[in-house]
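**Student:** Going down the list, the sequences are from chains A and V.
Take 1 as the starting number for the first sequence in this note's numbering and just add one per residue.
Take 123 as the starting number for the second sequence in this note's numbering and just add one per residue.
C-beta: ideal position from N, C-alpha, C; glycine also.
There are 2 protein chains.
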Amino acid sequence: MESSIKTDSKGRKKVLNACLEPCAIEKGMRLIGGKWKGSIIYHLKDGAVRFNDLSRMLGGATKKMVDQRLKELEQEGMVKRNVLSERPMAVSYELTEFGRTALQILDDLRQWSETHNIEIKS
Amino acid sequence: MESSIKTDSKGRKKVLNACLEPCAIEKGMRLIGGKWKGSIIYHLKDGAVRFNDLSRMLGGATKKMVDQRLKELEQEGMVKRNVLSERPMAVSYELTEFGRTALQILDDLRQWSETHNIEIKS
DNA sequence: TAATGTGGTATATTTTAGATACCTTGTAGG
DNA sequence: CCTACAAGGTATCTAAAATATACCACATTA
Numbered sequence: 001m002e003s004s005i006k007t008d009s010k011g012r013k014k015v016l017n018a019c020l021e022p023c024a025i026e027k028g029m030r031l032i033g034g035k036w037k038g039s040i041i042y043h044l045k046d047g048a049v050r051f052n053d054l055s056r057m058l059g060g061a062t063k064k065m066v067d068q069r070l071k072e073l074e075q076e077g078m079v080k081r082n083v084l085s086e087r088p089m090a091v092s093y094e095l096t097e098f099g100r101t102a103l104q105i106l107d108d109l110r111q112w113s114e115t116h117n118i119e120i121k122s
Numbered sequence: 123m124e125s126s127i128k129t130d131s132k133g134r135k136k137v138l139n140a141c142l143e144p145c146a147i148e149k150g151m152r153l154i155g156g157k158w159k160g161s162i163i164y165h166l167k168d169g170a171v172r173f174n175d176l177s178r179m180l181g182g183a184t185k186k187m188v189d190q191r192l193k194e195l196e197q198e199g200m201v202k203r204n205v206l207s208e209r210p211m212a213v214s215y216e217l218t219e220f221g222r223t224a225l226q227i228l229d230d231l232r233q234w235s236e237t238h239n240i241e242i243k244s
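(1) In the DSSP assignment, the beta strand (DSSP E) including Asn204/V goes from what residue to what residue?
(2) Beta-carbon of Lys27/A versus every beta-carbon of chain V: anything under 9 Å?
(3) Cβ closer than 7 Å: which chain V residues qualify as neighbours of Arg110/A?
(4) If I follow the unbroken beta strand (DSSP E) through Ala212/V, where does it start and stop?
(5) Taking just the CA atoms, how far does Met78/A sit from Leu70/A?
(6) I want to verify the contact list: residues of chain A whose CB lies under 9 Å from the CB of Gly160/V, in sequence order.
(7) Three-state secondary structure (DSSP) at Ser3/A?
(8) Using the beta-carbon of each residue, which ones in chain A are nearer than 7 Å to Leu228/V?
(9) What does Thr223/V touch in chain A if you count any residue whose Cβ is under 9 Å from its own?
(10) Consider the Cβ of Tyr164/V: report whether some Cβ of chain A lies at a distance smaller than 9 Å.
(11) Taking only beta-carbon atoms, is Leu217/V less than 9 Å away from chain A?
(12) Since I believe Gly33/A is in contact with Gly155/V (beta carbons under 8 Å), could you give me their beta-carbon distance rounded to a whole number of angstroms?
(13) His116/A by DSSP, collapsed to three states: which one?
(14) Out of Trp158/V, Asp168/V and Leu195/V, point me to the one whose CA is closest to Ser177/V's CA.
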């Protein structure tokens with residue numbers, strides 16, 4: 001939804017179309033923007049990866065976080081969980097077709113992030 | 123940094139280059155992916171907007187949130203704060219050159235979000 | 001036999017978000 | 001003049017989320 005602002009005769013402004021619900025940007029962010037979610041999706045770009053490997057790839061994220069985000073992504077239909085074998089336990093996660101549709105945006109983000117050499121405050 | 127996985131003779135996999143620090147995707151997300159941040163940037167795309175108008179545009183975000191995010195964005199050099207007049211207080215926020223460089227990604231996200239008709243669970 | 005790896009869970013603490021009320025200054029309407 | 005509301009926030013409190021740490025059962029490796 002497009003918001004627009006009207007300026008009246010005295011230079012005052014009024015919002016005509018406020019977002020009554022989270023708008024598209026915010027909705028999209030809830031899917032790929034949550035903490036670690038983008039990173040998880042991106043690290044699955046080359047194929048299925050096992051749980052512990054994925055956890056190690058994401059420096060800083062705890063296993064609990066990775067687990068939680070993977071469950072969300074599974075529910076949202078972006079990631080598929082494969083049980084490779086029980087006893088010894090082995091599980092891998094891979095992107096679904098829908099999950100793959102997000103890769104372009106994430107790659108653009110990566111490029112943007114790299115070219116602007118972003119610093120993160122502790 | 124690129125992580126890679128080595129598969130050994132028994133089909134087991136090992137991570138060779140884990141991300142030691144948050145990788146580019148994660149860094150980028152910290153800039154434009156925080157809650158409401160993407161929305162704020164996107165709603166400034168057509169020019170300077172006043173604080174209360176911006177708050178109203180973002181259905182759901184409290185003024186405290188908007189204020190906090192704007193201060194972060196200002197520190198990160200993506201947004202500029204203009205005092206239009208003291209007494210009566212009037213302030214507007216607009217994107218910097220750097221802030222504008224994020225618009226393409228956000229617009230792609232919006233498009234992706236719209237075409238896939240994302241539902242958000244309460 | 002001890003160490004390590006698998007895929008997680010449990011618990012507690014810290015950090016962040018969200019709701020609500022309030023502040024000062026100023027203007028508009030009745 | 002009085003009330004009401006708008007501006008741009010801040011203060012306080014509660015709820016939710018992230019993080020750290022330890023632990024589990026089982027299996028393989030050294």
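**Tutor:** Reading off the structure:
(1) Val201 to Ser207
(2) yes
(3) Ala146, Ile147 and Gly150
(4) Ala212 to Leu217
(5) 9 Å
(6) The contacting residues are Ile25, Glu26, Gly28, Met29 and Gly33.
(7) Any reading at Ser3/A is ruled out, since the residue's pLDDT is 43, under 50, leaving its predicted position unreliable.
(8) Chain A residues near Leu228/V: Ile25.
(9) Among the residues of chain A, those whose CB is under 9 Å from the CB of Thr223/V are Trp112, Thr115 and His116, following chain order.
(10) yes
(11) no
(12) 4 Å
(13) coil
(14) Trp158/V
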